[in-house]
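If you read the protein sequences in the order shown, they are chains G and B.
Here our numbering runs 5 ahead of the position in the first sequence, where the first position is 1.
Here our numbering runs 1 ahead of the position in the second sequence, where the first position is 1.
Below: one structure, written as structure tokens.
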Amino acid sequence: MTDGGLPVIARFEVRHRNYLAPDGSINRPLPAFASDANLITALYRAMLLLRNFDRKAVALQRTGRLGTYAVSLGQEAVSVGIASAMRAEDVLLPSYRDNGALIWRGVKLEEILLFWGGDERGNQFSGPVEDFPFCVPVGSQAPHAAGVAYAFKLRKQPRVAVCMFGDGATSKGDVYEAMNFAGVHKLPVVFVATNNQWAISVPLRLQTGCETLAQKAIAAGFIGEQVDGSDVVAMRAAAEDAIAAAREGQGPRFIEAVTYRLGDHTTSDDALRYRSADEVQARWKEEPIARLRNYLVSQKMWSKAEEERLAAECHERVEAAVERYLATEPRRPEAMFDHLYAELPETYAAQRRQLAGEGDA
Amino acid sequence: MPEMTLVEAVNLALARAMEDDPDVVVLGEDVGINGGVFRATVGLQTRFGPERVLDTPLAELLISGLCVGMAAQGVKPVGEIQFMGFLYPCIDQLVNHASRFRNRTQGRLTCPMVLRTPHGAGIRAPEHHSESTEAMLAHIPGLRVVIPSSPERAYGLLLAAIRDPDPVVFLEPTRIYRAAKGEVEDNGEALPLDVAFVLREGRDVTLISWGAMLKETMAAADALAADGIAAEVIDLATLKPYDEATVLGSVAKTGRCVIVHEATRTGGFGGEIAALIAERALTSLLAPVARVTGYDTIVPMARLEQHMMPSVDRIVTAARKACQFS
């Protein structure tokens, strides 16, 4: 093979995965799990719960009962699809917008509210005790994921680290450094970039000159796949494949979940400043929840009665969590010293006593 | 007991820690077959294998971030950064993750990692190889910053750092890596962290320093002794959190204090100690607290660097002035 007279020594390709069209019809034969009505309706339930939770969280923020909050509106299929393919013993390293994955893994709704409500106890996770807390500095959790995966490999544990970040994070050296190392050592880690088209106000075309984010894996020596991130069946299938390959020792994988952030970046943001209402309106036609519902209804796996029952369940579950959140006793101010070090050094113990009103440091 | 250099003591401590605890992993650039640019990790890969003595890609942020991830899984990583001037990409991980991991998860996840790096000037190295920005690290809540000044303390404090349940930055005084020699017994015994060492007792003036500058500080104490001035010399050893009690106790005794550090003056750690003494020991003072420090310049390259670093003369002059203050 030659190209311009010079030999071509490598060629690469990036595949795109999609099963459900925006109207819920099927593009190609579905993976086996899609015929499991329990599982596929569980994915639907999780996405709807997340949307309800988001709506309530925004209402709490608007009424001064929650701090800044990052909604998942429009990209529910990504975190639910990914988390549903993980085993309990795997470790999730989420960004701040991956509530859906945390909830699926067993983090309580009131814990998530506590975190966004300004209380470190929200990161205590009574559920998956080894999962990482939300990561706010963009992409800085990717090296952690490589470290976690290295620990799994060192101890010969068949576990996988799953690291989630946004499209903006792929511009950071952190993510490349982590992927590069994971590629060198064939670590059991799956990197998931939620490409929701916007890093606050910066659109993808200003984020990267690449045609896909998935191809960034090529430079690190492993497979990157582009997936329709509004198709939860595709997300779950891609995650299953990638996690299984990582668990079997085939090394890391990269998933670019192409989706769209229908909401603002956070409750502190106003997306109308940088993108048109028409653009957003057009994207509503592709959103993941209606898409899966259309499919389920067409397959007679879902009914109006079930939808109503689920709406009531979600409402009840969210309201109960909000009640528990609002009823959580505040901590004493000196609690800020409680987990500073394993054992508080005397010099800071004096400051703690001062804060507690027990003396003047 | 065998006599060895400070860098050999570092190597001995790493080997002992790896021998005692299969969870200890050493990682960094060139730490494997090359044994580190200063040979601090020499022989370890042969002995413990490439999985536990890991040559990483050339990426400092990665090294510190890997340490956080490994530590959260209970592995005890000891990362090496080749020179302190290359530590800065790690600051994001140290400030935003390592130091606050325990706190932000309320103890659910912890970060028992050590990041080692050579510290300080005086080795005629290229630009960016002579940094002493320990005050920047000592400002970070939740971190420990440790700096030994002898082979014995390098061995004992490094063992302590590796066994500590929280993240430690371990600064190794490059200038005395080989110049400092001493007897070290490989008994696996750690020295206490957060504790200052009184290297020499005296009643007239307190000299406080850390790392390589203790060489000049001890020489200054000798010169002062010839003048009949008995200087007490304190090796602070742990800068974060530091041993306030030993500092205050000594100043209460001598009434005079000279702080010596190689780092630039403004915002240097000497200012913190001076402020502590002003707040808590003012009535003991017989003279103003003095600082003998590097000048507020970028560390000059080889031809001028010795002029930036405190000399024995500058320390002696400051101590004499303190003693003559009425």
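Yeah, the Cβ is synthetic: ideal placement off N, Cα and C, and Gly gets one too.
This structure is a prediction, so every number in the text was calculated from the model and none was measured.
Within 10 Å of its beta-carbon, does residue i have 16 or more other beta-carbons around it, so buried, or fewer, so exposed?
i: residue 298 of chain B; result: exposed
i: residue 239 of chain B; result: buried
i: residue 178 of chain B; result: buried
i: residue 320 of chain G; result: exposed
i: residue 119 of chain G; result: buried
i: residue 61 of chain G; result: buried
i: residue 134 of chain G; result: exposed
i: residue 201 of chain G; result: buried
i: residue 216 of chain B; result: buried
i: residue 350 of chain G; result: buried
i: residue 243 of chain B; result: buried
For residue i, which residues from the same chain have a beta carbon less than 6 Å from its beta carbon, with the 5 sequence-adjacent residues on both sides left out?
i: residue 124 of chain G; result: none
i: residue 226 of chain G; result: 188
i: residue 155 of chain B; result: 7, 10, 11, 149
i: residue 96 of chain B; result: 141
i: residue 87 of chain B; result: 61
i: residue 358 of chain G; result: 364
i: residue 290 of chain B; result: 258, 275, 278
i: residue 307 of chain G; result: 301
Going along chain B, which residues have a C-beta under 8 Å from residue i?
i: residue 270 of chain G; result: Here the premise fails: no neighbours, minimum Cβ distance about 20 Å.
i: residue 202 of chain G; result: Ordered by position in chain B, no residue passes the 8 Å Cβ test against residue 202 of chain G, which lies about 26 Å from the chain.
Can you grab the Cα-Cα spacing for the pair residue i / residue j, in whole Å?
i: residue 97 of chain G; j: residue 105 of chain B; result: 16 Å
i: residue 376 of chain B; j: residue 237 of chain G; result: Residue 376 of chain B lies beyond the range of chain B shown here (2 to 327); nothing can be said about it.
i: residue 115 of chain B; j: residue 172 of chain B; result: 10 Å
i: residue 326 of chain B; j: residue 278 of chain B; result: 17 Å
i: residue 184 of chain B; j: residue 223 of chain B; result: 22 Å
i: residue 95 of chain G; j: residue 108 of chain G; result: 15 Å
i: residue 329 of chain G; j: residue 115 of chain G; result: 6 Å
i: residue 39 of chain B; j: residue 3 of chain B; result: 20 Å
i: residue 193 of chain G; j: residue 228 of chain G; result: 13 Å
i: residue 345 of chain G; j: residue 162 of chain B; result: 17 Å
i: residue 45 of chain B; j: residue 33 of chain B; result: 7 Å
i: residue 130 of chain B; j: residue 309 of chain B; result: 15 Å
i: residue 361 of chain G; j: residue 258 of chain G; result: 50 Å
i: residue 268 of chain G; j: residue 205 of chain G; result: 11 Å
i: residue 247 of chain G; j: residue 195 of chain G; result: 7 Å
i: residue 266 of chain B; j: residue 153 of chain B; result: 29 Å
i: residue 334 of chain B; j: residue 353 of chain G; result: Residue coverage of chain B in this structure runs from 2 to 327, which leaves residue 334 of chain B outside it and unanswerable.
i: residue 100 of chain G; j: residue 145 of chain G; result: 9 Å
i: residue 70 of chain B; j: residue 326 of chain G; result: 31 Å
i: residue 310 of chain G; j: residue 298 of chain G; result: 13 Å
i: residue 35 of chain B; j: residue 43 of chain B; result: 7 Å
i: residue 261 of chain B; j: residue 164 of chain G; result: 50 Å
i: residue 314 of chain G; j: residue 18 of chain B; result: 59 Å
In chain G, which residues lie with their C-beta within 7 Å of the C-beta of residue i?
i: residue 245 of chain B; result: 352
i: residue 52 of chain B; result: 159
i: residue 68 of chain B; result: 152
Which chain G residues sit within Cβ distance under 9 Å of residue i?
i: residue 214 of chain B; result: Those within 9 Å of residue 214 of chain B in chain G number zero; the least Cβ separation is about 23 Å.
i: residue 36 of chain B; result: Per Cβ cutoff of 9 Å: no residues; residue 36 of chain B is ~20 Å from chain G at best.
i: residue 130 of chain B; result: What residue 130 of chain B touches in chain G: nothing, since even the nearest Cβ is about 22 Å away.
i: residue 103 of chain B; result: 344, 345, 346, 347
Can you name the residues of chain B whose CB is closer than 9 Å to the CB of residue i?
i: residue 4 of chain G; result: Residue 4 of chain G lies beyond the residue range present for chain G, which begins at 6 and ends at 366; the question has no answer from this structure.
i: residue 126 of chain G; result: 107
i: residue 256 of chain G; result: Result: empty, since nearest Cβ-Cβ is about 15 Å, beyond 9 Å.
Spatial neighbours of residue i within its chain, please: C-beta separation below 7 Å, excluding the five flanking residues on both sides.
i: residue 285 of chain B; result: 252, 253, 256
i: residue 148 of chain G; result: 179, 182, 183
i: residue 271 of chain G; result: 73, 74, 75
i: residue 59 of chain G; result: 76, 77, 78
Check the Cβ of residue i against every Cβ in chain G and list those closer than 8 Å, keeping chain order.
i: residue 115 of chain B; result: Within chain G, no residue comes near residue 115 of chain B; the closest Cβ sits about 14 Å away, beyond 8 Å.
i: residue 57 of chain B; result: 186
i: residue 94 of chain B; result: 145, 148
Spatial neighbours of residue i within its chain, please: C-beta separation below 8 Å, excluding the five flanking residues on both sides.
i: residue 47 of chain G; result: 89
i: residue 32 of chain G; result: 23, 24, 25, 26
i: residue 21 of chain B; result: 189
i: residue 331 of chain G; result: 70
List, in order along the chain, the chain D residues whose C-beta lies closer than 9 Å to that of residue i?
i: residue 228 of chain B; result: The structure shown contains no chain D; the protein chains it does contain are G and B.
Exercise for the section: Could you tell me which uninterrupted alpha helix (DSSP H) segments, each at least 4 residues in length, are contained entirely in the stretch 132 to 157 of chain G, listed from first to last along the chain? Expected result: none
Exercise for the section: Entirely within the stretch 120 to 148 of chain B and at least 3 residues each: give me those beta strand (DSSP E) ranges in chain order. Expected result: 145 to 147
Practice task
Give, in chain order, every unbroken run of the beta strand (DSSP E) that is at least 3 residues long and sits entirely within the stretch 222 to 295 of chain B.
Solution key: Segments of the beta strand (DSSP E) lying fully in the stretch 222 to 295 of chain B: 232 to 236, 239 to 241, 258 to 265, 291 to 295.
Handout entry: Secondary structure, beta strand (DSSP E): runs of 3+ residues fully inside the stretch 283 to 353 of chain G
Key = If one requires a minimum length of 3 residues, no beta strand (DSSP E) run lies completely within the stretch 283 to 353 of chain G.
Exercise for the section: At 4 residues or longer, and completely inside the stretch 185 to 227 of chain G: list those alpha helix (DSSP H) runs for me, N to C. Expected result: If we require 4 residues or more, the alpha helix (DSSP H) runs fully inside the stretch 185 to 227 of chain G come out as 209 to 212, 221 to 225.
Practice task
Pick out the complete beta strand (DSSP E) segments inside the stretch 47 to 135 of chain G, 3 residues or longer, and give them in chain order.
Solution key: 96 to 98
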